[in-house]
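There are 2 protein chains.
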Amino acid sequence: MAQYNIALIGFGGVNRALAQLVAERNDRWQMELGFRLNIVAVTDLNLGSVVSPNGIDACMLVETKFERGGFAKLSGGSTEADNEKVIRQAPADIVAEATFTNPDDGEPAVSHCRWGLESGKHVVTTNKGPVALAAAELKALARRHHVSFEYEGAVMSGTPVIRVARTMLAGAGLTGFEGILNGTSNFVLGRMEGGLGFSEAVSQAQAFGYAEADPTADVEGYDVRLKVVILANELLGAALKPADVSCRGISSLTAADIEAAAKDGCRWKLIGSAIRREDGRIEASVGPRRLALDHPLAGVNGAINAVSFTTDMLGAVTVTGPGAGRVETAYALLSDIVAIHRAAPARMTKEAAE
Amino acid sequence: MAQYNIALIGFGGVNRALAQLVAERNDRWQMELGFRLNIVAVTDLNLGSVVSPNGIDACMLVETKFERGGFAKLSGGSTEADNEKVIRQAPADIVAEATFTNPDDGEPAVSHCRWGLESGKHVVTTNKGPVALAAAELKALARRHHVSFEYEGAVMSGTPVIRVARTMLAGAGLTGFEGILNGTSNFVLGRMEGGLGFSEAVSQAQAFGYAEADPTADVEGYDVRLKVVILANELLGAALKPADVSCRGISSLTAADIEAAAKDGCRWKLIGSAIRREDGRIEASVGPRRLALDHPLAGVNGAINAVSFTTDMLGAVTVTGPGAGRVETAYALLSDIVAIHRAAPARMTKEAAE
């Protein structure tokens with residue numbers, strides 16, 4: 001039986017949900033998955049940090065109130081997050097990075113991942129920033145240090161998408177994908193179909209907790225664009241930057257557009273897509289598209305996400321599931337750790353052979 | 355670079371499509387997947403058999419006319435299929451079993467798999483019979499001989515379903531599934547929604563090549579029942595036999611039923627499902643169900659299949675894709691071989707440790 005020591009970077013909804021799962025499910029994981037998780041360090045810009053080589057009680061962590069410097073009350077705790085020191089020095093096998101996504105340069109999350117990999121730790125993240133903006137560097141770093149860099153949760157939370165396409169569709173001749181990759185905008189479009197105007201629909205999304213106070217990244221397509229970059233680079237071997245992906249959001253759609261589509265038996269969806277052209281070029285875009293009702297993505301409603309992969313051998317294969325949520329995203333981190341656990345003997349063999 | 359010697363058992367549509375892929379894609383597979391396939395034996399009840407330790411030219415095989423004893427014309431060929439001798443003695447690493455599914459005892463396919471595993475060969479199959487009726491025995495045999503028994507194509511052809519649930523949803527708390535698992539009956543229901551009666555719709559499915567001359571297994575749910583047995587045993591740890599699964603088909607649905615559902619904003623689908631009850635019991639059934647249009651399976655039309663997994667952590671995760679087709683099913687065999695190839699270092703490590 002394996003036990004992995006884990007450092008949680010960022011203690012917002014996602015890593016808090018992971019800590020809760022550790023508190024509730026370690027025994028079950030030991031039986032079903034063959035490993036336990038032992039939290040040895042946590043940092044958070046607001047709460048501070050806590051390091052304990054023997055392990056921190058997960059229940060106690062989860063009960064920590066979200067107040068400035070709160071971790072200082074715990075044994076081994078400090079009011080300072082001190083991310084670099086904790087990531088480099090904590091006796092962790094795995095760093096779970098779940099801080100805020102910065103869409104410009106991915107920092108400080110890119111540095112968090114870098115410090116983890118450089119110090120010989122596996123890194124799992126649900127953060128789009130480092131994956132969309134620095135994947136090549138971070139993957140090279142992981143290879144050099146014989147550790148894994150995994151990020152299933154960067155697209156569609158815990159719904160298996162990146163790993164399905166990379167491993168389960170290997171050899172199927174993947175030529176492109178199109179997806180509904182933002183639950184907020186999909187919810188807003190649904191409400192507009194129900195008769196609301198754009199602003200009213202956004203207010204309702206905010207009231208339900210789907211949209212943030214500033215909904216720009218969701219409704220203008222910027223969030224989807226990062227996901228398109230990730231999927232295109234990961235699955236189609238592209239080397240896109242966000243600026244390479246044309247991007248239009250849904251804010252310009254009017255009630256009249258929605259109505260006209262419905263009259264023609266169609267429905268507007270915000271679609272992120274990429275395709276490999278005959279000459280090898282990858283074309284990627286984000287924008288509202290009118291789909292016929294029998295299109296595989298037309299029936300994906302509410303906060304649910306879906307991505308449809310186009311393949312030579314199977315035609316379209318579509319995966320539909322949650323695109324967000326705390327537990328759903330924490331599960332993505334767990335699924336990354338499962339992948340690391342499964343790769344362990346292969347990696348050890350490889351190292352022995354080198 | 356690895357090369358796997360492969361024996362094709364049954365040379366109908368599926369293994370013929372696999373041979374065609376070998377002819378066209380070996381170089382590409384070598385680059386993308388890290389292995390080539392070399393066909394060293396083929397048997398077919400009608401064509402006979404051919405064995406050639408150095409490999410049989412795949413193009414030549416594909417061009418062999420489908421006539422009684424046709425393999426006798428090839429070097430190393432015979433008019434007899436001689437399955438047991440070929441499977442046991444051919445110098446193959448992998449046996450690809452794609453003969454006819456016998457829903458009563460799974461024979462002769464069960465024996466084909468048994469002979470392969472007993473003689474230390476990996477077995478990949480697209481045949482529901484051995485998996486639904488003899489999986490426990492065959493898996494034990496595979497373990498004993500340190501080889502793999504893989505059968506992704508037994509459900510939804512090459513669409514990744516069994517392996518997705520088993521590996522990608524590990525630890526997600528799978529509690530059940532429901533699926534549209536038979537393209538023929540789904541096509542028939544679609545035509546009935548278009549105004550045809552049941553018999554007319556079946557005739558049209560036959561004309562399009564979706565339904566066989568005797569459509570009983572498809573429209574009465576027997577085909578779906580075998581798939582439910584496979585998924586429930588594989589993913590929920592059940593030990594079901596087909597007789598444990600209640601089964602009703604779509605032949606009793608009338609035009610009036612279809613119309614009444616449409617009036618209520620619903621749609622009939624033939625659903626195969628299983629669920630783990632609180633007391634641990636697995637309940638499984640096949641039958642027509644009226645789905646509201648916002649149900650994740652309501653929009654799955656035509657010959658497309660889908661299965662929706664219910665999980666504690668992610669809610670519903672649905673995989674949609676082709677449920678049949680020659681190339682699509684041949685791809686399932688390839689995906690099984692990819693899984694064998696990937697497991698190779700781990701297996702070798704394990705064997706070395708034993």
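Each protein sequence line maps, in turn, to chains A and B.
FYI, our numbering numbers position 16 of the first sequence as 16, with every residue one higher than the one before it.
Each number in our numbering comes from the position in the second sequence (counting from 1) with 354 added on.
Don't be surprised by glycine CBs; every beta carbon is placed ideally from N, CA and C.
8 Å contact criterion, which residue i and residue j should meet: CB distance rounded
i, j, result
"Gly677(B)", "Leu535(B)", "7 Å"
"Asn127(A)", "Ala140(A)", "That belief does not hold up - the Cβ atoms of Asn127(A) and Ala140(A) are roughly 18 Å apart, past 8 Å."
"Val86(A)", "Ala58(A)", "About 17 Å; that fails the 8 Å criterion."
"Ser736(B)", "Glu532(B)", "Residue 736(B) is absent from the model: chain B starts at 355 and stops at 708."
"Lys475(B)", "Asp447(B)", "6 Å"
"Phe541(B)", "Gly460(B)", "Rounded, the Cβ-Cβ distance is 27 Å, inconsistent with contact."
"Ala586(B)", "Ile658(B)", "At roughly 22 Å, the Cβ-Cβ gap does not stay under 8 Å, so Ala586(B) and Ile658(B) are not in contact."
"Asp666(B)", "Thr529(B)", "7 Å"
"Leu270(A)", "Leu189(A)", "7 Å"
Backbone CA spacing between residue i and residue j [nearest angstrom]
i, j, result
"Gln3(A)", "Leu293(A)", "49 Å"
"Val515(B)", "Gly653(B)", "19 Å"
"Asn408(B)", "Arg422(B)", "25 Å"
"Val681(B)", "Gly315(A)", "10 Å"
"Ala496(B)", "Ser502(B)", "6 Å"
"Val485(B)", "Arg442(B)", "20 Å"
"Ala450(B)", "Asn38(A)", "43 Å"
"Ile340(A)", "Met414(B)", "43 Å"
"Leu607(B)", "Leu21(A)", "46 Å"
"Glu705(B)", "Arg28(A)", "Caution applies to Glu705(B), whose pLDDT of 44 falls short of 50 and renders its modelled position unreliable; the model cannot decide the point."
"Ala256(A)", "Arg267(A)", "12 Å"
"Phe35(A)", "Gly525(B)", "11 Å"
"Asn456(B)", "Glu234(A)", "42 Å"
"Glu613(B)", "Ala555(B)", "15 Å"
"Asp759(B)", "Ala373(B)", "Missing from the structure shown is residue 759(B); chain B here goes from 355 to 708 and no further."
"Asp398(B)", "Gly367(B)", "12 Å"
"Ala565(B)", "Glu574(B)", "12 Å"
"Leu138(A)", "Phe208(A)", "36 Å"
"Ser511(B)", "Tyr685(B)", "8 Å"
"His499(B)", "Glu386(B)", "29 Å"
"Gly527(B)", "Phe425(B)", "50 Å"
Beta carbon proximity, residue i to chain B, threshold 7 Å
i, result
"Ala317(A)", "What sits at residue 317(A) in the sequence shown is Val, not Ala. Judged by the 7 Å Cβ criterion, Val317(A) is in contact with chain B."
"Pro242(A)", "no"
"Glu351(A)", "Note that Glu351(A) has pLDDT 44, beneath the 50 cutoff, so the model's placement of it is unreliable and the number below is only indicative. Glu351(A) does not count as touching chain B."
"Tyr4(A)", "no"
"Leu8(A)", "no"
"Tyr331(A)", "yes"
Chain A contact for residue i (CB, 7 Å cutoff)
i, result
"Val692(B)", "yes"
"Thr674(B)", "yes"
"Ala526(B)", "yes"
"Trp667(B)", "At residue 667(B) the sequence reads Met, which differs from the Trp that was named. With 7 Å as the cut-off, Met667(B) counts as an interface residue toward chain A."
"Val681(B)", "yes"
"Glu708(B)", "In this prediction, Glu708(B) has a pLDDT of 41, which is less than 50 and means its spatial position is unreliable; what the coordinates show is noted afterwards. It does not; no Cβ of chain A falls within 7 Å."
"Lys439(B)", "no"
Residue i: contacting residues in chain A (beta-carbon distance under 9 Å)
i, result
"Ala648(B)", "Here residue 648(B) turns out to be Asp, not Ala, going by the sequence shown. Within 9 Å Cβ-Cβ: Gly299, Asn301, Gly302."
Any non-hydrogen atom of the ligand FAD within 6 Å of residue i CB
i, result
"Leu668(B)", "The model on display carries no ligand, and the ligand FAD is accordingly not part of it."
Interface residues of chain A facing residue i [CB-CB closer than 7 Å]
i, result
"Trp383(B)", "Gly171"
"Leu387(B)", "Ala170, Gly171"
Proximal residues of chain B, C-beta to C-beta of residue i below 9 Å
i, result
"Ser335(A)", "Met522, Leu523, Ala524, Gly525, Ala526"
Beta carbon proximity, residue i to chain D, threshold 7 Å
i, result
"His466(B)", "Among the protein chains in the structure shown, which are A and B, there is no chain D."
Item checked: Residues in the segment 159 to 186 of chain A having any Cβ partner in chain B nearer than 8 Å -> Thr159, Pro160, Arg163, Val164, Thr167, Met168, Leu169, Ala170, Gly171, Ala172
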